[in-house]
Amino acid sequence: MNKPYFPNRPPQRARAAGRAFLSPEEETRLARAWRERGDVAARNRLVTAFTPLVQAMVARFTKGRAQDDPDLMQQAYIGLMRAADGFDPDRGIRFATYAAWWVRAELQDYRLLNWSLVRRGRSAK
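132 is the number of the first residue of the sequence shown in this note's numbering; add one for each residue after it.
If you want it as structure tokens, here you go:
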């Protein structure tokens, strides 16, 4: 009884199931179109389908910090685009698994390059 009750909100599992990125077949088709024919529209569709993955990873990465760094989101998208460029659908793994590694790597590289012991000032309001 300690959990808050939200009658209009679907359970977590149902919400996650409704947010499926792409089917494995669609993922493979788009990745092959990008790799073999250089179809930019296929690459864009592949990247935009995994926007929720990027947003979730950035939110997890900035957890506990006062404000989100917009540059982190940009770096995460760079990682997603690098994943789209290097993804090989014939290896038998899903794009989300492959992309998560690249997004995390870009976020960690950005954090390491911009880390400092001295806190930066914030604008006064």
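For every residue, glycine included, the Cβ atom is placed at its ideal position computed from N, Cα and C.
All values derive from a computational prediction rather than experimental measurement.
Asked, Found
"Touch test, the region 207-217 against the region 243-250, Cβ-Cβ under 8 Å, three pairs minimum", "no"
"Residue 244 versus 182, 162, 202, 187, residue with shortest Cα-Cα distance", "202"
"Pair within 9 Å by beta-carbon distance, residue 215 and residue 177", "yes"
"C-beta contact flag for residue 231 and residue 204 at 9 Å", "no"
"Local conformation of residue 211 per DSSP, three classes", "helix"
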